[in-house]
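A short write-up of the structure that comes next.
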Amino acid sequence: MRKIILFTVLFFAFININAQTEEFTAPDYKTIEKNVADKNSALYFDKLFDRYAKSDTTMTLEEKRHLYYGYSFQDEYSPYSRSEAEKKLRELLQKDDGTKDDLKKIIEYTDEILKTYPFSIRIKEYRIYSFRELGMIAEAEKESVQGEIIIDAILSTGNGTDKETCFYVINTSNEYEVLSLLGFEFGGSQSLIDGRYDYLALADNPYQIKGFYFDVSRCLDSMKF
0 MRKIILFTVL FFAFININAQ TEEFTAPDYK TIEKNVADKN SALYFDKLFD
50 RYAKSDTTMT LEEKRHLYYG YSFQDEYSPY SRSEAEKKLR ELLQKDDGTK
100 DDLKKIIEYT DEILKTYPFS IRIKEYRIYS FRELGMIAEA EKESVQGEII
150 IDAILSTGNG TDKETCFYVI NTSNEYEVLS LLGFEFGGSQ SLIDGRYDYL
200 ALADNPYQIK GFYFDVSRCL DSMKF
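Taken in order, the sequence shown gives residues 0 to 224; the numbers are from numbering that gives the first Met the number 0.
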């Protein structure tokens with residue numbers, strides 16, 4: 000559906016203005032792992048995820064970072080898993096125009112996809128669009144808040160221009176979402192550097208940035224078990 004793609008681009012542009020920070024901090028995975036496992040801590044993962052599910056706008060940046068990166072220490076974390084609903088969604092999105100029933104199916108399929116990975120920015124955007132088109136404004140706003148929580152966490156880690164200030168992600172799908180979020184197009188080339196960084200080449204752009212670096216160490220660590 001072309002309209003949903005345009006909406007996503009516009010939303011990304013809005014978030015780009017509101018979510019960037021000049022102070023970057025790489026996630027301390029050891030500390031995060033410890034905190035999200037502590038049931039007596041306010042940073043205990045289940046507590047944070049409950050607040051995320053409720054679209055809590057009072058979450059601090061530290062809490063957002065513990066939520067997003069802390070998910071990679073949960074048993075259900077499987078960054079390379081794919082849902083059968085993703086195929087159905089792709090086929091549905093090929094249609095030029097969508098009906099109300101199609102929008103309801105998008106919500107149904109994306110709900111299943113988020114059970115496999117709850118922090119997909121792109122999937123959140125499909126849901127926001129569908130809810131709004133169906134007049135379900137409160138539901139759309141909840142999805143929007145959740146999308147901003149994810150974006151804030153990722154963009155707090157770096158600017159992506161070199162390995163020292165790379166973006167940290169726990170799922171490779173977030174890499175391409177960040178490119179769109181920042182207004183860039185993928186240049187068609189991806190490579191793994193030093194066994195932990197994904198380097199994505201960018202298409203020609205006004206800033207003459209050749210590519211972005213992403214630390215994907217948590218994704219790679221998941222395959223060692």
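Cβ coordinates follow ideal geometry from the N, Cα and C atoms, glycine included.
The structure displayed is predicted, hence computed values, not measured ones.
Per DSSP, the beta bridge partners of residue 201 are 185.
Here residue 184 has 202 as same chain residues with Cβ atoms under 6 Å from its own Cβ, once five neighbours each way along the sequence are excluded. Residue 208 sits in coil when the DSSP states are folded into three classes, being neither helix nor strand.
Taking 8 Å as the cut-off, the Cβ atoms of residue 199 and residue 174 count as close.
In this structure residue 221 is in contact with residue 76, their Cβ atoms being roughly 6 Å apart against a cut-off of 8 Å. Taking all protein chains shown into account, residue 84 has 16 or more neighbouring C-beta atoms within 10 Å of its C-beta and is therefore buried. The residue among 132, 191, 103, 190 with its C-alpha nearest the C-alpha of residue 88 is 103. The beta carbons of residue 212 and residue 151 sit no closer together than 8 Å.
By the 16-neighbour rule on beta-carbons within 10 angstroms, residue 109 is buried. Look at the region 41-65 and you find these whole runs of alpha helix (DSSP H), each 4 residues long or longer: 44-52. Contact check for residue 78 against residue 218 passes: the beta carbons are separated by less than 8 Å.
Residue 169 carries a coil assignment under DSSP once its states are collapsed to helix, strand and coil.
Take the alpha-carbon of residue 32 and the one of residue 69: they are about 6 Å apart. With a contact defined as Cβ atoms closer than 8 Å, residue 51 and residue 127 miss out at about 16 Å.
The alpha helix (DSSP H) runs of length 4 or more contained entirely in the region 70-107 are, from start to end of the chain, 83-92. Around residue 66, the same chain offers 47, 51 as residues with beta carbons nearer than 6 Å, after the five sequence neighbours per side are excluded. Membership of residue 30 in the alpha helix (DSSP H) is indicated by the continuous run 28-35. Within its own chain, the residues whose Cβ lies closer than 7 Å to the Cβ of residue 63, once the five positions on either side in sequence are excluded, are 148, 151, 152, listed in chain order. Judged by DSSP secondary structure, residue 146 falls within the alpha helix (DSSP H) whose first and last residues are 136-154.
Beyond the five residues adjoining it in sequence on each side, residue 43 comes within less than 8 Å, by CB distance, of 34, 35, 36, 37 in the same chain, given in chain order. Closest in alpha carbon position to residue 60, among 191, 155, 181, 169, is 155. Minimum Cα-Cα distance from residue 72 among the listed residues 56, 30, 22 corresponds to 30.
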